[in-house]
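Chains as they are written, first to last, in this note's numbering: chain A, 7 to 322; chain B, 7 to 322. Quick reminder that beta carbons are idealized off the backbone N, C-alpha and C, glycines included. Structure first, then comments.
There are 2 protein chains.
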Amino acid sequence: MTRVGDIYPVEKVVLREVGLRDGLQLTKTFPSTDTKREWIAKEYAAGVRHFEIGSFLPATRFPQFADVREMIETVTAHPGAHSAALTLNERGLKDALQTDVDEIVCVVSATEEHSQANARRSRDDAVELVRMACAVREAAGHKAIINTGISMAFGCSIAGSVEPAEVFRLVEKLLDAGADIIGLADTVGFAGPQQVADLTGQTIALAGDQPISVHLHDTRGLGLANASAALDTGARILDASLGGLGGCPFAPGATGNIVFEDLVFLCETKGFATGIDLDALAAAREIAEASMPGEDFFGAIARAGPPPNTGWRASV
Amino acid sequence: MTRVGDIYPVEKVVLREVGLRDGLQLTKTFPSTDTKREWIAKEYAAGVRHFEIGSFLPATRFPQFADVREMIETVTAHPGAHSAALTLNERGLKDALQTDVDEIVCVVSATEEHSQANARRSRDDAVELVRMACAVREAAGHKAIINTGISMAFGCSIAGSVEPAEVFRLVEKLLDAGADIIGLADTVGFAGPQQVADLTGQTIALAGDQPISVHLHDTRGLGLANASAALDTGARILDASLGGLGGCPFAPGATGNIVFEDLVFLCETKGFATGIDLDALAAAREIAEASMPGEDFFGAIARAGPPPNTGWRASV
Numbered sequence: 007m008t009r010v011g012d013i014y015p016v017e018k019v020v021l022r023e024v025g026l027r028d029g030l031q032l033t034k035t036f037p038s039t040d041t042k043r044e045w046i047a048k049e050y051a052a053g054v055r056h057f058e059i060g061s062f063l064p065a066t067r068f069p070q071f072a073d074v075r076e077m078i079e080t081v082t083a084h085p086g087a088h089s090a091a092l093t094l095n096e097r098g099l100k101d102a103l104q105t106d107v108d109e110i111v112c113v114v115s116a117t118e119e120h121s122q123a124n125a126r127r128s129r130d131d132a133v134e135l136v137r138m139a140c141a142v143r144e145a146a147g148h149k150a151i152i153n154t155g156i157s158m159a160f161g162c163s164i165a166g167s168v169e170p171a172e173v174f175r176l177v178e179k180l181l182d183a184g185a186d187i188i189g190l191a192d193t194v195g196f197a198g199p200q201q202v203a204d205l206t207g208q209t210i211a212l213a214g215d216q217p218i219s220v221h222l223h224d225t226r227g228l229g230l231a232n233a234s235a236a237l238d239t240g241a242r243i244l245d246a247s248l249g250g251l252g253g254c255p256f257a258p259g260a261t262g263n264i265v266f267e268d269l270v271f272l273c274e275t276k277g278f279a280t281g282i283d284l285d286a287l288a289a290a291r292e293i294a295e296a297s298m299p300g301e302d303f304f305g306a307i308a309r310a311g312p313p314p315n316t317g318w319r320a321s322v
Numbered sequence: 007m008t009r010v011g012d013i014y015p016v017e018k019v020v021l022r023e024v025g026l027r028d029g030l031q032l033t034k035t036f037p038s039t040d041t042k043r044e045w046i047a048k049e050y051a052a053g054v055r056h057f058e059i060g061s062f063l064p065a066t067r068f069p070q071f072a073d074v075r076e077m078i079e080t081v082t083a084h085p086g087a088h089s090a091a092l093t094l095n096e097r098g099l100k101d102a103l104q105t106d107v108d109e110i111v112c113v114v115s116a117t118e119e120h121s122q123a124n125a126r127r128s129r130d131d132a133v134e135l136v137r138m139a140c141a142v143r144e145a146a147g148h149k150a151i152i153n154t155g156i157s158m159a160f161g162c163s164i165a166g167s168v169e170p171a172e173v174f175r176l177v178e179k180l181l182d183a184g185a186d187i188i189g190l191a192d193t194v195g196f197a198g199p200q201q202v203a204d205l206t207g208q209t210i211a212l213a214g215d216q217p218i219s220v221h222l223h224d225t226r227g228l229g230l231a232n233a234s235a236a237l238d239t240g241a242r243i244l245d246a247s248l249g250g251l252g253g254c255p256f257a258p259g260a261t262g263n264i265v266f267e268d269l270v271f272l273c274e275t276k277g278f279a280t281g282i283d284l285d286a287l288a289a290a291r292e293i294a295e296a297s298m299p300g301e302d303f304f305g306a307i308a309r310a311g312p313p314p315n316t317g318w319r320a321s322v
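See below:
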């Protein structure tokens, strides 16, 4: 079993690129396996080391993730790179444990309403699935860490506002179930920076030595303000997708995840070394954009570049 | 003479809508005088009270500001609304003092290079122009307050990085010259939230009882993160433009000011009452968009709306 600190060193800022997973959840087109390999290779060359690259879901319904095993192999072939994949049920978990994946991502909804609508199970059943995942992983002697995201943690497309106490109750249950990392997800982009600071700070306090991650969407324009607040509060693991790819079926008209390139810039302006080169990252974006005609790619850095005449560059 | 506190009450967050000034600086088209009146009326109905509505510049070169006097009259006709207009030289100042304008905006560049290139004068000469403006205003017994913006305060399109000490030196000189408000402008969108916090905090300390304002552009995606940092540091006056209208000749490809609607949302999530209704603001945006075909209007709230099912609304 991997120790979580091997993948997420304490205090170091880690940016997880989720474009090949969350980014492809709803797109009309998706890249070929070869293009995905190139996407990963270019991002790796730019300094990216944490890749969430697919889901263990039925290939008939989610053809974009049919090559999840190849993607895990691709990431594994890059020294020091870490692969993460989503599993939503026992079947997916078992499939994941047949691979070399470094991190298995599970999801629990913050609200009962969304849990039932999205996963057709109660939140308590979802927590038990995480407990089972930790036990099965242990029994199999598999190295993967278990990352459990709490979706709709900052607001729910169905239930509306979410009581922080409900989120903290889930955090405690998930820690008790054995999750290695807890993630707070603003799935539909309801959050503001104060709310992010409050929820992140309290979750860090509950998690103690275990890391937490923050997954933000830019639906209402506050994604990077929220990321800044999360960093200020002590969060060190943040999700983003190349070009802000990805959306949510519960947030029509919404932009997707926060933009990976812009998040790199934010972190660097705040003095957090990301080890990621923005110029090199642009090459990955080119491949992604060319492979998905008609999909919207977002991002200010991709358009304006880093500040000119300042000698600015990421801390590679 | 108006006391600055009459226009900018201490501790209350004030959002200045600069769409009809900074927003029109570079657009290819601009609204008719009647449409501008409607724009102001709709914004006023939504709760906006601070309008920067034009520049005293030669109408031959800047036809979009030829009706600046009518705009001042329009704002003045709305009870409790405040008008601000830009002046860049002695002639403009004298013209402004012939009107009922509540606030005269002057600009000093943070760097010598930009000052010479943009205004063809030294920074010291620009400071002396502010001193003269304060004296002439005083002698005329005119009510207008003098707001002096420091452009390029966070980075310069020509000189690159800007030493904070240079900005603080200008702040002190401008206070000595009699400016009622000092503004810090990220004219080309170089700033990150830490830099905004550092510069804003120190400027507030220097300004003492006098208010400061922060003028941000969203060129590199950090506009709202920077606004959030400015609010956290104690700034209470922020500029923004409807739909993020406006750009800068020194920042090609750049989006303009931070988006007024999104800034309202940010403030409200942070517990700062803006008194501005987002639904009503959308009516102003409709008028603005219809009057300027081909211009880019930005904004996440305009696309996604405030969080649904939460009973969310601005604090009107």
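is_contact[residue i, chain A] using C-beta, thresh 9 Å
i: S115 of chain B; result: no
i: Q208 of chain B; result: no
i: T275 of chain B; result: yes
i: Q104 of chain B; result: no
i: I164 of chain B; result: yes
Rounded separation between residue i and residue j - CA only
i: L244 of chain A; j: T193 of chain A; result: 13 Å
i: P37 of chain B; j: G11 of chain B; result: 32 Å
i: K34 of chain B; j: V107 of chain A; result: 53 Å
i: I13 of chain A; j: R137 of chain A; result: 21 Å
i: D130 of chain B; j: S219 of chain B; result: 21 Å
i: S89 of chain B; j: R126 of chain B; result: 27 Å
i: P312 of chain A; j: P64 of chain A; result: 41 Å
i: H333 of chain A; j: E109 of chain B; result: Absent from the model: residue 333 of chain A. The displayed extent of chain A is 7 to 322, so no value can be given.
i: Q70 of chain B; j: H223 of chain B; result: 21 Å
i: Q200 of chain A; j: L228 of chain A; result: 11 Å
i: R9 of chain A; j: V16 of chain A; result: 12 Å
i: V322 of chain A; j: T82 of chain A; result: Caution applies to V322 of chain A, whose pLDDT of 48 falls short of 50 and renders its modelled position unreliable; the value that the coordinates give is listed next. If I take the Cα positions, the gap works out to 22 Å.
i: A308 of chain B; j: A235 of chain B; result: 23 Å
i: I3 of chain A; j: T66 of chain B; result: With chain A covering 7 to 322 only, the question about residue 3 of chain A has no answer from this structure.
CB contact below 9 Å: residue i versus chain B
i: K100 of chain A; result: no
i: A185 of chain A; result: no
i: L251 of chain A; result: no
i: G161 of chain A; result: yes
i: A310 of chain A; result: yes
i: Q201 of chain A; result: yes
Contact set between residue i and chain A, taken where Cβ atoms lie within less than 8 Å
i: V265 of chain B; result: G227
i: P15 of chain B; result: The premise fails here: P15 of chain B is roughly 22 Å from chain A at the closest Cβ pair, so nothing lies under 8 Å.
i: P170 of chain B; result: Near P170 of chain B there are no residues of chain A at all, since even the closest Cβ is about 14 Å away, more than 8 Å.
i: A235 of chain B; result: S234
Neighbouring residues, chain B, relative to residue i (Cβ below 9 Å)
i: D73 of chain A; result: What D73 of chain A touches in chain B: nothing, since even the nearest Cβ is about 31 Å away.
i: D268 of chain A; result: R226, G227 and L228
Check: residue i C-beta below 8 Å from any heavy atom of the ligand ZN
i: V194 of chain B; result: In the structure on display, the ligand ZN does not appear, and there are no ligands present to speak of.
Partner residues on chain C for residue i, Cβ-Cβ distance less than 8 Å
i: F196 of chain A; result: Among the protein chains of the structure shown, namely A and B, there is no chain C.
Per-residue contacts from residue i into chain A (C-beta, under 7 Å)
i: I307 of chain B; result: R226 and G227
i: G262 of chain B; result: Chain A residues near G262 of chain B: none, gap ~12 Å exceeds 7 Å.
i: L272 of chain B; result: G198, L228 and A231
i: A125 of chain B; result: By Cβ distance, chain A contributes nothing, its closest Cβ being about 19 Å from A125 of chain B, past 7 Å.
Reference residue i, options the options, closest by Cα
i: Q216 of chain B; options: B:I151, B:R226 and B:F160; result: B:I151
i: Q208 of chain B; options: B:D73, B:G195, B:A233 and B:T239; result: B:T239
i: G249 of chain A; options: A:V111, A:E178 and A:A306; result: A:A306
i: A102 of chain B; options: B:L287, B:G147, B:D73 and B:F62; result: B:F62
i: A72 of chain A; options: A:T39, A:V111 and A:I46; result: A:T39
i: A191 of chain B; options: B:Q200, B:A213, B:L181 and B:G155; result: B:G155
i: L284 of chain A; options: A:T66, A:A310 and A:I164; result: A:A310
i: L181 of chain B; options: B:I164, B:Q200, B:E169 and B:N153; result: B:N153
i: E23 of chain B; options: B:E17, B:V16, B:K48 and B:A116; result: B:K48
i: K18 of chain B; options: B:E79, B:F278, B:S247 and B:V270; result: B:F278
i: Q104 of chain B; options: B:R143, B:L135, B:T66 and B:H84; result: B:R143
i: D302 of chain B; options: B:G147, B:S247 and B:G189; result: B:S247
Residue i and residue j closer than 9 Å at C-beta
i: G198 of chain A; j: K276 of chain B; result: yes
i: L21 of chain B; j: V54 of chain B; result: yes
i: S196 of chain B; j: T261 of chain B; result: According to the sequence shown, residue 196 of chain B is Phe rather than Ser. No; because the gap between Cβ atoms is not below 9 Å, this pair is not in contact.
i: A203 of chain B; j: C140 of chain B; result: no
i: W45 of chain A; j: A233 of chain A; result: no
Contact list for residue i against chain B, beta-carbon separation under 7 Å
i: Q31 of chain A; result: Going along chain B, no residue has its Cβ under 7 Å from Q31 of chain A, so there is no contact; the nearest lies around 18 Å.
i: S167 of chain A; result: T316
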